[in-house]
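A.B. asks: Sequential numbering of the sequence shown, starting at 59, is according to the working numbering. Even glycine gets a Cβ: it sits at the ideal position worked out from N, Cα and C. Quick caveat: nothing in here was measured; it's all calculated off a predicted structure. Following this message is one structure expressed as structure tokens.
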Amino acid sequence: MKFSVDAALLDADTIRNRAFIELKSKLLNDTSSTVLLKDCHALRPFINSHDHLIGNWYPPAIEHTFTNANRWVNDMRESPPVKERDLIFRNTLPMDFMKGRGKLLSRLGGYKNLFSGVTIVQDHAPRQKKSYYDMFPIEIIRRYRQCHSISLGNFWGGEDPVEEWKATKGTEPFIVHLGEGTDQESSREFSRLKELGLLQPNTLLIHGISLTRDEIKSCAEAGASICWVLTSNLQLIRKTIDIDTCLLEGVNVVIGTDSTLSGSINLLHEIKFAHRRFPYIPLRTIYRMISENAVRALHLPHKNSRLSERGNESLLLLRAHRSDPFENLMAVNNDDIILLVHKGLPLYGFRKLLAHFDIYDEDYFFYAKDGIERFVIGHPEKIMEEINHILGYPKKLPYLPFQQ
Ligand SMILES: [Zn+2]
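Here it is, written out as structure tokens:
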């Protein structure tokens with residue numbers, strides 16, 4: 059089946075105007091038809107390089123700012139939002155999100171991403187059981203090794219960082235929070251990382267607020283990647299990484315939302331915020347950070363950052379408020395997603411487009427918003443019913459569009 063769209067963003071360097079984009083799926087009723095869509099852009103779904111799916115509670119658990127996020131990790135446990143979240147599920151060590159009601163919260167984190175056009179997420183946590191990754195309709199990266207942070211180590215589960223890195227054999231990303239603060243302890247983390255031999259081409263550093271120009275240069279030389287987590291950084295620390303030096307030195311920069319306990323509401327909010335704060339960074343560069351740079355940092359197949367005119371199994375169709383696809387990205391919200399398909403499976407969008415797929419209605423939740431019938435895979439409304447039942451009152455989360 060083909061979609062006729064005003065423009066297709068094939069990759070960060072290629073816009074095709076008035077394009078026909080093919081979707082390949084075993085579920086399509088009629089593979090030869092063409093659907094004409096007015097005011098619509100086609101893109102590859104996005105990649106969120108840093109989240110903690112279990113932590114997507116709201117509002118943020120930040121009562122004041124910190125000079126080092128390690129102190130927030132302790133403080134937040136006593137904050138009202140985390141105490142409320144603990145009524146649903148309380149983390150125990152080592153972290154296993156399949157225990158108790160962990161699944162409820164993690165699946166909500168999955169929906170946060172799905173509703174913003176993200177189909178690939180790096181969930182920074184100790185590696186979970188296979189059944190954890192299997193339960194999401196989107197892809198939560200399974201091939202990675204990690205350390206919570208250089209100063210706190212792997213208190214939450216996993217081997218020591220050097221063992222974790224060795225286990226990557228250079229073919230999986232090694233992911234670590236680093237320099238999330240402005241104090242001495244934060245600034246010491248980078249030299250410690252280097253001493254341990256962990257500044258490697260497959261290293262993905264999260265935050266890097268404390269990094270000096272020379273340290274950023276070393277990251278570029280080593281071919282390491284850095285995840286920019288702007289909203290979370292400004293909310294927690296009031297400072298972010300020296301992004302100008304990162305771009306000047308050619309560091310492979312990716313973007314992450316973090317969880318809503320410290321970060322942005324979703325990836326669309328995050329990129330819009332980055333654009334507002336750094337309007338001189340080309341939009342194309344920001345788009346690279348949620349597509350091809352993320353593919354490189356997370357060791358994903360290249361097709362995950364590219365749309366083709368033929369044979370796409372994953373596709374994002376967005377309502378076009380602006381003619382330029384990059385400018386349009388800064389104008390859309392999750393209600394502008396006309397269709398999101400991941401590996402041939404329709405996940406979210408306008409119900410009239412679901413009619414082209416041979417699916418079971420009971421596998422979907424339907425709701426109307428702004429006069430448009432919409433669908434989403436699975437039953438996030440039932441997750442919320444269960445949560446409301448446990449809390450004894452209705453809970454609203456800003457990333458669930460059917461609640462807004
Ligand atoms: Zn984090």
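#1: At 4 residues or longer, and completely inside the segment 282-353: list those alpha helix (DSSP H) runs for me, N to C.
#2: Sorry if obvious, but does the Cβ on D316 come closer than 7 Å to a heavy atom of ligand 1?
#3: Would you identify the three-state DSSP class for S137, choosing helix, strand or coil?
#4: Can you tell me whether H108 sits near ligand 1, meaning its C-beta is under 7 Å from at least one heavy atom of the ligand?
#5: By Cβ distance, which residues of its chain are closer than 7 Å to P103, with the 5 residues on each side in sequence left out?
#6: Enumerate in chain order the residues of its own chain whose CB-to-CB distance from V309 is below 7 Å, with the five nearest sequence positions on each side excluded.
#7: What beta strand (DSSP E) runs, 3 residues minimum, are completely inside the segment 400-451?
#8: Exposed or buried, Y418, counting other C-beta atoms within 10 Å across all chains shown (16 or more means buried)?
#9: Which residues mark the beginning and the end of the alpha helix (DSSP H) in which Q242 is found?
#10: Do H99 and ligand 1 come close, with the Cβ less than 7 Å from some heavy atom?
#11: Does DSSP put L488 in a helix, a strand or coil?
#12: Would you decide whether L94 is buried or exposed? Buried here means 16 or more other CB atoms lie within 10 Å of its CB.
#13: Give the single residue among A77, K141 and G168 whose Cα lies nearest to the Cα of V434.
#14: Which residue wins for smallest C-alpha separation from D316, given the options S249, S83, C304 and A119?
#15: Between I264 and ligand 1, is there a pair consisting of the residue's CB and a ligand heavy atom that are separated by less than 7 Å?
#16: For V390, does the three-state DSSP call read helix, strand or coil?
#17: What residue from C205, L163 and H206 has the CA that sits closest to Y190's CA?
#18: What does the alpha-carbon distance come out to for the pair D144 and R165?
#19: Smallest Cα separation from I198: which of F213, S209, V179 and N212?
#20: In whole angstroms, give me the CA-to-CA distance for D88 and D181.
#21: H182: beta carbon under 7 Å from a heavy atom of ligand 1?
#22: Output yes or no for whether 8 Å exceeds the beta carbon distance between A66 and L365.
#23: Please find out if some non-hydrogen atom of ligand 3 comes closer than 7 Å to the beta-carbon of H235.
#24: Within a Cβ cutoff of 8 Å, which residues of the same chain sit near L151, ignoring the five residues on either side of it in sequence?
#25: Indicate the three-state DSSP secondary structure (helix, strand or coil) for K162 in the structure shown.
#26: Compare the Cα-Cα distances from L85 to each of I264, H414 and D300 and report the closest residue.
#27: Excluding the five sequence neighbours on either side, which residues of its own chain have a C-beta within less than 8 Å of the C-beta of N324, listed in chain order?
#28: DSSP puts I178 in a beta bridge; with which residues?
#29: Can the beta-carbon of R203 be found less than 8 Å from the beta-carbon of A183?
#30: Beta-carbon within less than 7 Å of H235's beta-carbon, same chain only, minus the 5 sequence neighbours each way: which residues are those?
#31: Going by DSSP, what residues sit across from R203 in a beta bridge?
#32: Whole-angstrom Cβ separation of I396 and R380, contact assumed at under 8 Å?
#33: Under the assumption that L288 contacts A332 (Cβ atoms under 8 Å), give the Cβ distance between them as a whole number of angstroms.
#34: Please look up how many angstroms separate the CB atoms of V115 and T343, rounded, as I've assumed it's under 8 Å.
#35: Where H261 and G158 are concerned, what is the direct C-alpha to C-alpha distance, given to the nearest angstrom?
C.D. replies: By the coordinates alone:
#1: 288-294, 301-307, 325-335 and 341-347
#2: Here the question's residue 316 lines up with position 258 in the sequence shown. The answer is yes for D316.
#3: Taking the sequence shown and counting its residues from 1, one reaches residue 137 at position 79. DSSP places S137 in coil when its eight states are reduced to three.
#4: Locating residue 108 in the sequence shown gives position 50, counting from the first residue. H108 Cβ: within cutoff of ligand 1.
#5: Numbered from its first residue, the sequence shown carries residue 103 at position 45. For P103, where only same-chain residues beyond five positions count, the Cβ hits under 7 Å are G175, V176, T177, S372, L374, L398 and H400.
#6: The residue given as residue 309 occupies position 251 in the sequence shown. Excluding sequence neighbours, V309 sits near I274, C277, A278 and I284.
#7: 403-408, 422-427 and 430-435
#8: The residue labelled residue 418 in the question sits at position 360 within the sequence shown. Result: exposed.
#9: Here residue 242 corresponds to residue number 184 of the sequence shown, with the count starting at 1. Q242 to E253 is the extent of the alpha helix (DSSP H) around Q242.
#10: Taking the sequence shown and counting its residues from 1, one reaches residue 99 at position 41. For ligand 1, not one heavy atom lies less than 7 Å from the Cβ of H99.
#11: As displayed, the chain neither begins before 59 nor continues past 462, which places residue 488 out of reach and without an answer.
#12: Position 36 of the sequence shown, counted from the start, is the residue given in the question as residue 94. Exposed, because fewer than 16 other Cβ atoms sit within 10 Å of the Cβ of L94.
#13: Taking the sequence shown and counting its residues from 1, one reaches residue 434 at position 376. Here the closest residue by C-alpha is G168.
#14: As a first step, residue 316 is located in the sequence shown; it is residue number 258 there, counting from the start. The option with the nearest alpha carbon to D316 is A119.
#15: The count along the sequence shown starts at 1 and reaches residue 264 at position 206. Yes, the Cβ of I264 comes within 7 Å of a heavy atom of ligand 1.
#16: Position 332 of the sequence shown holds residue 390. Looking at V390 - three-state DSSP - the assignment turns out to be coil, as it is neither helix nor strand.
#17: Here residue 190 is taken as the residue at index 132 of the sequence shown, counted from 1. Ranking the options by Cα distance to Y190, first place goes to L163.
#18: Start at 1 with the first residue of the sequence shown, and residue 144 comes out as number 86. Start at 1 with the first residue of the sequence shown, and residue 165 comes out as number 107. If I take the Cα positions, the gap works out to 16 Å.
#19: Within the sequence shown, numbered from 1, the residue matching residue 198 stands at position 140. Nearest option by C-alpha distance: V179.
#20: The residue labelled residue 88 in the question sits at position 30 within the sequence shown. The residue labelled residue 181 in the question sits at position 123 within the sequence shown. Their backbone Cα atoms lie some 36 Å apart in a straight line.
#21: Walking along the sequence shown from the start, residue 182 turns up at place 124. H182 Cβ: within cutoff of ligand 1.
#22: Here residue 66 refers to the residue found at position 8 when the sequence shown is read from its first residue. Here residue 365 refers to the residue found at position 307 when the sequence shown is read from its first residue. Cβ distance < 8 Å, so A66 and L365 count as in contact.
#23: This structure lacks ligand 3; the ligands present are ligand 1.
#24: The residue labelled residue 151 in the question sits at position 93 within the sequence shown. The residues are F213, W214 and G215.
#25: Within the sequence shown, numbered from 1, the residue matching residue 162 stands at position 104. The sequence as given places Leu at residue 162; Lys does not occur at that position. If DSSP states are grouped into helix, strand and coil, L162 belongs with the helices.
#26: On the sequence shown, position 27 is the one that residue 85 refers to. It is H414 whose Cα lies nearest to the Cα of L85.
#27: Within the sequence shown, residue 324 is the residue found at index 266, counting from 1. The residues are K170, N171, F173, S174, V176, T315, N392 and Y457.
#28: Here the question's residue 178 lines up with position 120 in the sequence shown. DSSP lists I105 and E197 as partners of I178.
#29: Start at 1 with the first residue of the sequence shown, and residue 203 comes out as number 145. Start at 1 with the first residue of the sequence shown, and residue 183 comes out as number 125. Not closer than 8 Å, so no.
#30: Here residue 235 refers to the residue found at position 177 when the sequence shown is read from its first residue. Hits under 7 Å: H206, S207, I264 and H265.
#31: For the purposes of this step, residue 203 is taken as the residue at position 145 of the sequence shown. DSSP, once it has assigned bridges, lists F232 as partnering R203.
#32: Locating residue 396 in the sequence shown gives position 338, counting from the first residue. Locating residue 380 in the sequence shown gives position 322, counting from the first residue. Not confirmed; about 15 Å, so no contact.
#33: As a working mapping, residue 288 is identified with position 230 in the sequence shown. As a working mapping, residue 332 is identified with position 274 in the sequence shown. That belief holds up - the Cβ atoms of L288 and A332 are roughly 5 Å apart, short of 8 Å.
#34: Numbered from 1 along the sequence shown, position 57 holds the residue referred to as residue 115. Numbered from 1 along the sequence shown, position 285 holds the residue referred to as residue 343. For the record, residue 115 in the displayed sequence is Trp; it is not Val. Between T343 and W115 the Cβ distance is about 32 Å, and since that is not below 8 Å, they are no contact.
#35: In the sequence shown, residue 261 corresponds to position 203, counting from 1. In the sequence shown, residue 158 corresponds to position 100, counting from 1. The amino acid occupying residue 261 in the given sequence is Thr; His does not appear at that position. Approximately 33 Å between the Cα atoms of the pair.
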